[in-house]
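Enquirer:
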Amino acid sequence: MTGPASHPPRKRARARTKQAGLPPGTMVHVGERQVEQVRIRRIRYDEHHYDDHNLAAGQQPAPPPDDRQVTWISVTGLHQVEVIEAIGKAFGIHPLALEDIVHAGQRPKVDDYERQLFIVLNALESVDDQHIAVEQVSLLVGPNYVVSFQERDSALFDPVRERVKAGKGRCRKLGADYLAYALLDTVVDHYFVVLERFSEVAERLEETLIRRPDPAALGMLHGLKRQMILLRKSVWPLREVVSGLQRGEFPLITDATRLYLRDVYDHTVRVIDTIETLRDLLSGMLDIYLSSQSYRLNEVMKVLTIIATIFIPLTFLTSIYGMNFEHMPELKWRWGYPVLWLVMASIGGGMLYYFRSKRWL
Amino acid sequence: MTGPASHPPRKRARARTKQAGLPPGTMVHVGERQVEQVRIRRIRYDEHHYDDHNLAAGQQPAPPPDDRQVTWISVTGLHQVEVIEAIGKAFGIHPLALEDIVHAGQRPKVDDYERQLFIVLNALESVDDQHIAVEQVSLLVGPNYVVSFQERDSALFDPVRERVKAGKGRCRKLGADYLAYALLDTVVDHYFVVLERFSEVAERLEETLIRRPDPAALGMLHGLKRQMILLRKSVWPLREVVSGLQRGEFPLITDATRLYLRDVYDHTVRVIDTIETLRDLLSGMLDIYLSSQSYRLNEVMKVLTIIATIFIPLTFLTSIYGMNFEHMPELKWRWGYPVLWLVMASIGGGMLYYFRSKRWL
Amino acid sequence: MTGPASHPPRKRARARTKQAGLPPGTMVHVGERQVEQVRIRRIRYDEHHYDDHNLAAGQQPAPPPDDRQVTWISVTGLHQVEVIEAIGKAFGIHPLALEDIVHAGQRPKVDDYERQLFIVLNALESVDDQHIAVEQVSLLVGPNYVVSFQERDSALFDPVRERVKAGKGRCRKLGADYLAYALLDTVVDHYFVVLERFSEVAERLEETLIRRPDPAALGMLHGLKRQMILLRKSVWPLREVVSGLQRGEFPLITDATRLYLRDVYDHTVRVIDTIETLRDLLSGMLDIYLSSQSYRLNEVMKVLTIIATIFIPLTFLTSIYGMNFEHMPELKWRWGYPVLWLVMASIGGGMLYYFRSKRWL
Amino acid sequence: MTGPASHPPRKRARARTKQAGLPPGTMVHVGERQVEQVRIRRIRYDEHHYDDHNLAAGQQPAPPPDDRQVTWISVTGLHQVEVIEAIGKAFGIHPLALEDIVHAGQRPKVDDYERQLFIVLNALESVDDQHIAVEQVSLLVGPNYVVSFQERDSALFDPVRERVKAGKGRCRKLGADYLAYALLDTVVDHYFVVLERFSEVAERLEETLIRRPDPAALGMLHGLKRQMILLRKSVWPLREVVSGLQRGEFPLITDATRLYLRDVYDHTVRVIDTIETLRDLLSGMLDIYLSSQSYRLNEVMKVLTIIATIFIPLTFLTSIYGMNFEHMPELKWRWGYPVLWLVMASIGGGMLYYFRSKRWL
Amino acid sequence: MTGPASHPPRKRARARTKQAGLPPGTMVHVGERQVEQVRIRRIRYDEHHYDDHNLAAGQQPAPPPDDRQVTWISVTGLHQVEVIEAIGKAFGIHPLALEDIVHAGQRPKVDDYERQLFIVLNALESVDDQHIAVEQVSLLVGPNYVVSFQERDSALFDPVRERVKAGKGRCRKLGADYLAYALLDTVVDHYFVVLERFSEVAERLEETLIRRPDPAALGMLHGLKRQMILLRKSVWPLREVVSGLQRGEFPLITDATRLYLRDVYDHTVRVIDTIETLRDLLSGMLDIYLSSQSYRLNEVMKVLTIIATIFIPLTFLTSIYGMNFEHMPELKWRWGYPVLWLVMASIGGGMLYYFRSKRWL
């Protein structure tokens, strides 16, 4: 699923609906078609060799022989269900796992099929200040191979490929489980990029809300809160996934790799911390907004009340002497007019004094 | 229980009241009568055979012989307590389970009666944009049979019947526990249909609230929140049920089926995630509503205050010169009138400048 | 404690205060005196016999001989501490349990004294739409007897007595633990009656709040919320009690009875669900109230602003030409008056257009 | 610490600051000096003997010989650090425990030093309607002795002394652990006294808020909420302490005493329940306050709007005919004045009808 | 990281971003350069010896021989990655730990690398009333050495150095684990200093909010709330760290030291308590602010309404008799003017009576 994540609940629900009534394990592609043709690329390496080539259309990848080389098969594009099915048959993938691979919108999870681990992840990418694109990435980890399934031809895993090619670091010395770790680490690292952007937006928004709150800022605040709600739903299961992998429940993960997975786990927890902190800060911003609105309303009402309370009684007085009764003795008094001015000045002054005593001025 | 779920707490409580004081295990039908006659249908199948017929009225179903065929007895209509009681006797169902079967409004649960599993589920159906119908579905799972109890003659389980008949997929090869899984999966899949509808309604509602908030939208928002509260109460125990079945606590569930139940468990968790997300979004909408109301009120009050604050003092001035005192020298001045205009214009301009400096304009 | 439960925190605290400084195990009656005389009734039964008589005043009940009959001694009225103490001595009840029996306001709990189980429950009864009466019921369960202590001469346990007398169902075949279950079940069933009433009140209240919100409805809403807070505090420990009994921690509870206790446990959980749902609904109602008040305020203010904003400037204009300056050339113009009407009409029309463009009309 | 508990966070933090940078186990007295001289009182008793005397200044208490008598040494006044240190040396108290004894503001806790239990408690006392005094009480429990440390010469433990002296109840028969229980029970019982007072204040406050809400009531509500926040922080760790003691983790606590500690545990849970209930009720009161304020504002605005909306247009009409244009034909009409009255009456009536139709009247 | 902690989420996220795409274990310095040159100081001591000197630039520290002396190497300044790397090689520090040392913004954690414990802490310092500086402190604990890494040349650990030098207390007798405890204790003690300052600020703020609420106070309240959110995220993982160390999971920690760590754990829990209490109090203050604003608005509106409601109808009356109709009989009445005064006085009085009956006055 690569569309903006703004309305996922509906999208997810709708996606699922498509399949209601079908037998379990039926492969139905759910998501958007992102590439023309399914592309399959195979990289084989050990400490001394490195071999990388794209499979021709129609050519089927097969599980590698039981040697010491690590094989990484990356499949891009999931809409040709028959191709995925053929790969599934070749690698002995369980039908339910195959169903999940082509069915975007899964929760991150790790399933143990004895000789294979099946991992579902959501890779994130910032689209703009308020939207993120979600891509489902599935990893099938075997004893000496990893099969990765992606919908889009993104550059997500290019740095891993570079590192394997360059042969630097530990990656050529360790097995398929380390490769799976490297892919997982890359996905988690991208969460930080997305969160950095949101944090910047939130900071700018806070200044806007303090300086000049308007409905646009409010809408943006609401949009960010929604993104946080959705991100949170996506990261919590990821944490369970990494936690499970790192605890040593799965024999395919070696102890050396588990140390690295512990590091990924720390990152995941930091991602969650940052999301929770952002949520709390956004909630605080709504409080600022509402209480500053309340303050402004009070200020506006005070101005209105002061003006009205001073001038309405005065206008009443003047309107009295604007009446046309024949018998109004005050109108004939020599000092009537200046006396009225004095009366009005003292009423006005008294009102001002009253307001000052009430701290309205 | 098939009525709209809008006031379940009262319904449930009332339902229970009917029975207060009766000995436990007493069968009292609680719910609405949905079909004229209890209908019983028996399907027997294995990998090679398939037999499907309706039992005549008065004919009693009996537990199947201990062979390799799977028997599925579906009972529709629960108001004829004596019929259900007879089935209970034939299958050796515990009195408490029988009581629950005819008593709509149970929490989803799974009870282990050694040689039988008793599962209570709530099947949902969208009635309209704001209401859902709840039907209690009970499943009795034995070693080679499943007895399903429904209140209404709904098409809920038709797809399962079709699949068994067609003999496609795994369903004819696996046992009664797989059949129970298929029925459970069908019920859970319908939750997605209901949630999709609510998600769409919520989306439309959000646009309404931003564009033109009115009490009708508010009422709808409240209605949706209530549905979420009720759905949530229904799904959390369902999750426990599926979690228990999938963990392997019950010997009647084979390992092959447990893999499929793990899949249902994932779906249940996704249902819960979606409900929680919707709740959070709906809460956010109420915040939008309240803060946009607060913003509007501020805007309205600013307009009122600006108009009143400019014109009330001016009107006071004019009312002074509308007085009828005999001795008002200003009235005789040659330039009195134009000078007053100048004074009023500068007062008005000063006010406008003041408002602009306060960012009210 | 039988008074209305509207201010329990104070009541409970005060009750406790009475005893501060006394040695533990001191029996102080706390509660209201509900009957003149402590009444003791003894029922003995097995599958074939049934014997029921009231003990004369002063006659002491004794633990039954170790035979297969079940003895149920029900004690009504707790203010005569010496009578309760004598029973305690006869049955070997622990001093702390005796203290709790006569001291109303305990939390529901189950204490295991090796050969006896001591269970404290709160029985509820609806007094009116907003109040409930709470009665503390204590059960002492021995190998072949149950002693029940109640404050009031209520009909609470009459249905159990009827069932035992009629000898229907399982009750005459099973032991003292089943009798204890039956009493517990009766207490829990009454929670549903109370909740049904509250649910109905809440429903009526919701309609009132939507139709015509006023402070009375608000006060009722607040009262209901308080009842829910208090009910909740009472039911959560009850759930722990039933959960403990049903898990098989106590050897006095046989496996046959535990199946029934599992059923009571389900009911307790449903009571909690209903309370939580009601709380959520009541919170939602407060939100409705506040947001509809906010909506109304906006509407009121719009009307005021529209009227004021149209007429205040117009009145200013007319007041200008009400001035008595000698030199006001407009006053002498032939068409001055109709032109002013035109000016005022266009100002009024412009204002209306402005309000319409702002969607205030 | 005996000052009012109104600003504990600061107090606690400041107290701690005093010590930052000192080596652990350094004894620094933190708290207020409450008595002139440290007073030490020694009570020794068994079932048949009772001996009670105050130690002279400078006289050091020593651990009792290993006989069957129970020794209770109560130390009042903690500011003379050297005295406490000498006691610590005599009884072999761990330096960290000694540091805690003289350092008021600890969390309630129980530490196990193999042959000694070290218990820290906070005793509460009501100062006035809104403040409580907190006193730190430390207990050192050995095999046949208890050393109690208090800051103030309060009458807190007098009832225990009386009971031991009178020799009634179980206290002379059971060991030092029972004495520790009795002291703990006394402390917990005082929580009820404090809570009773707060409950009464809350009840009076609620009536005030409903009858005539003003800022003073609001300030009181806020003060009570703060007390609840602080009480809660104090009671939750106390619950852990009692729970630990009662679970049988500590060999110094005999099974007979554990039954009594279970009773204290029940009381502690009830204290927590009461605090939580009070917090919920206080939150509800704030809701009442805000929503009744909102209701009043609406009422006030309606009155203003009705008056203004009726009279502003009418005044506009009259001001028209107050203009001094030479050519205003209406002014010369015979029935102009009565017709205007009719027009104004119908406008006023129409407005009233409109307000009635909107349910503002 | 030493900048003010006001926008950590963004800072942290950005820091992480720097590294996305690099192989794990790559050392990238993240943070601000605080000292010119990395400084390394080595202290060696046992009960009888003490040796302290700074290593010359370029000189490498090496792990001490396996003797009974304790070696403490403190490294100040982390921007010269190659120096840290060299130390890492000499001490056999795992690459992931090295990465964390130079990468400020880690969560507090403890990692067990068999023969070494790696502890990450955040040391706090108050910058001003609303900001705190955070410095990451890493500790590497071996069997007889501790390596501490700090970014700044702060005086944080000077008191520990003094104590070791003076040889007082237990510190010279116990091993490297006790030294690690002393450093940890110093870090936790500084939390109290920071919290004390915030508590004082909160107290002053509360008085301001009650006396004269204005937007500045509101902004300060919001700033404090944000600091609490951030502090909380920092302290919770610290608690896990100390809890883990104190539970005895790590063989490097001796039982003697664990008693002291239990004390640090108590302090950490008190820090958390204080933070939570402050958060609750700050939330309460926002409630005060909002409800007092609501109260003031009501008061302001009442004044406006009373004035307007009294004078608007009166002004209407006077404006009637200001009209210039030729035929207005009242104008010619002898007592017209005084009668009008009577009428107006009774209307005004009636209004005042009405307001008093509504308790607006």
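Which chain is which? The protein sequence lines are R, P, E, Z and Y, in order.
If you read the first sequence in my numbering, its first letter stands for residue 578, the second for the next number, and so on.
If you read the second sequence in my numbering, its first letter stands for residue 578, the second for the next number, and so on.
If you read the third sequence in my numbering, its first letter stands for residue 578, the second for the next number, and so on.
If you read the fourth sequence in my numbering, its first letter stands for residue 578, the second for the next number, and so on.
If you read the fifth sequence in my numbering, its first letter stands for residue 578, the second for the next number, and so on.
Every residue, glycine too, gets a C-beta built ideally from N, C-alpha and C.
Note that the coordinates shown come from a computational prediction; the quantities given were computed from them, not determined experimentally.
Measuring straight from C-alpha to C-alpha, what distance separates Phe893 of chain Y and Gly926 of chain Z?
Expert: If you take the alpha carbons of Phe893 of chain Y and Gly926 of chain Z, they lie about 16 angstroms apart.
Enquirer: Taking its Cβ as the centre, do 16 or more other Cβ atoms sit within 10 Å of Arg645 of chain Z, making it buried, or is it exposed?
Expert: Exposed is the call here.
Enquirer: Excluding the 5 residues preceding and the 5 following Pro814 of chain E in the sequence, name in chain order all residues of the same chain whose CB lies nearer than 7 angstroms to its CB.
Expert: For Pro814 of chain E, where only same-chain residues beyond five positions count, the Cβ hits under 7 angstroms are Arg684, Pro685 and Lys686.
Enquirer: What separation, rounded to the nearest whole angstrom, lies between the Cα atoms of Val848 of chain Y and Ile849 of chain E?
Expert: Cα-Cα distance, rounded: 35 angstroms.
Enquirer: What span of residues does the beta strand (DSSP E) with Ala700 of chain R cover, start to end?
Expert: From DSSP, the beta strand (DSSP E) with Ala700 of chain R extends over Gln693 to Asp705.
Enquirer: If we count the other Cβ atoms within 10 Å of its Cβ and call it buried at 16 or more, is Pro906 of chain P buried or exposed?
Expert: Burial call: exposed.
Enquirer: By Cβ distance below 8 angstroms, which residues in the same chain neighbour Leu698 of chain R in space, the five residues on each side in sequence not counted?
Expert: Hits under 8 angstroms: Pro685, Gln713, Val714, Ser715, Leu716, Leu761, Val764, Leu815 and Val818.
Enquirer: For Tyr866 of chain Y, go through chain R and note every residue whose CB falls closer than 8 angstroms to its CB, in chain order.
Expert: Result: Ser868.
Enquirer: List the residues of chain E that Ser923 of chain P touches, going by C-beta distances under 9 angstroms, in chain order.
Expert: Those within 9 angstroms of Ser923 of chain P in chain E number zero; the least Cβ separation is about 16 angstroms.
Enquirer: So, is Glu903 of chain Z buried or exposed, given that buried needs 16 or more other C-beta atoms within 10 angstroms?
Expert: Exposed is the call here.
Enquirer: Please name the residues in the region 791-804 of chain Y whose beta-carbon is closer than 8 angstroms to at least one beta-carbon of chain R, in chain order.
Expert: Answer set for the region 791-804 of chain Y: Asp791, Pro792, Leu795, Gly796, His799, Lys802 and Arg803.
Enquirer: Is the number of C-beta pairs between the region 647-663 of chain P and the region 603-619 of chain P that are closer than 8 angstroms three or more?
Expert: Touching, yes.
Enquirer: Looking only at DSSP bridge pairs, what is Tyr872 of chain E linked to?
Expert: None; Tyr872 of chain E has no bridge partner.
Enquirer: Which bits of chain P does Tyr898 of chain R rub up against, with CB to CB less than 7 angstroms?
Expert: What Tyr898 of chain R touches in chain P: Met900, Asn901 and Phe902.
Enquirer: Below 6 angstroms CB to CB, which residues in the same chain sit around Ile650 of chain Y once its five sequence neighbours on both sides are set aside?
Expert: Taken in chain order, the residues that qualify are Arg619, Pro638 and Val724.
Enquirer: With a CB to CB cut of under 8 angstroms and the five nearest residues on each side skipped, what residues in its chain are close to Gly913 of chain Z?
Expert: So the list reads Tyr898 and Glu907, once near-sequence residues are dropped.
Enquirer: Pull out every residue of the region 705-725 of chain E whose Cβ sits closer than 7 angstroms to any Cβ of chain Z, in chain order.
Expert: The residues in question: there are none.
Enquirer: Comparing the C-beta of His630 of chain Y with each C-beta of chain R, is any distance below 9 angstroms?
Expert: No, His630 of chain Y does not count as interfacial toward chain R.
Enquirer: Helix, strand or coil for Arg591 of chain R, going by three-state DSSP, please let me know.
Expert: In this predicted model, Arg591 of chain R has a pLDDT of only 45, less than 50, meaning its place in the structure is not dependable enough to derive any value.
Enquirer: Which of the three DSSP states, helix, strand or coil, is assigned to Thr653 of chain P?
Expert: In this structure, Thr653 of chain P counts as strand in the three-state DSSP scheme.
Enquirer: From the beta carbon of Asn699 of chain Y, is the nearest beta carbon of chain Z less than 9 angstroms away?
Expert: Chain Z contact via Cβ: absent.
Enquirer: Which residues mark the beginning and the end of the alpha helix (DSSP H) in which Phe734 of chain Z is found?
Expert: Where Phe734 of chain Z is concerned, there is no enclosing alpha helix (DSSP H), given that its DSSP letter is neither H nor E.
Enquirer: Determine which residues share a DSSP beta bridge with Tyr627 of chain P and list them.
Expert: P:Tyr622.
Enquirer: When the Cα of Leu891 of chain E is compared with those of Z:Ile884, Z:Ile883 and Z:Met900, which residue comes out closest?
Expert: Ranking the options by Cα distance to Leu891 of chain E, first place goes to Z:Met900.
Enquirer: Could you have a look at Asp689 of chain R and say whether DSSP puts it in helix, strand or coil?
Expert: DSSP places Asp689 of chain R in strand when its eight states are reduced to three.
Enquirer: So is Ile889 of chain Y in contact with chain R if we call contact Cβ pairs under 9 angstroms?
Expert: So yes, Ile889 of chain Y belongs to the interface.
Enquirer: Given a cut-off of 9 angstroms, decide if Lys802 of chain Z and Leu859 of chain Z are closer than it, judged by their beta-carbon atoms.
Expert: Yes, the pair counts as a contact, with Cβ atoms nearer than the cut-off.
Enquirer: Quick one: using the 10 Å Cβ neighbour count with 16 as the cut-off for buried, is Lys810 of chain Y buried or exposed?
Expert: Counting Cβ neighbours within 10 Å, Lys810 of chain Y comes out buried, since at least 16 surround it.
Enquirer: Using beta carbons (cut-off 9 angstroms, strictly below), is Arg692 of chain P in contact with chain E?
Expert: Arg692 of chain P does not count as touching chain E.
Enquirer: What's the gap between the Cα of Gly744 of chain R and the Cα of Phe668 of chain R?
Expert: The straight-line gap from Cα to Cα measures roughly 27 angstroms.
Enquirer: Can you name the residues that DSSP bridges to Phe726 of chain P?
Expert: For Phe726 of chain P, which the question treats as bridged, DSSP gives the partners P:Val652 and P:Ser715.
Enquirer: Could you name the residues of the same chain whose beta carbon sits closer than 7 angstroms to that of Phe827 of chain Z, not counting the 5 residues immediately before and after it, in chain order?
Expert: Here the set comprises Asp689 and Leu694.
Enquirer: Would you kindly work out how many angstroms separate the C-alpha atoms of Gly602 of chain R and Arg738 of chain P, rounded to a whole number?
Expert: Spanning the two alpha carbons is a distance of roughly 17 angstroms.
Enquirer: Kindly say whether Trp910 of chain Z, judged by its beta-carbon, lies nearer than 9 angstroms to any beta-carbon of chain E.
Expert: Not one chain E Cβ lies under 9 angstroms of Trp910 of chain Z.
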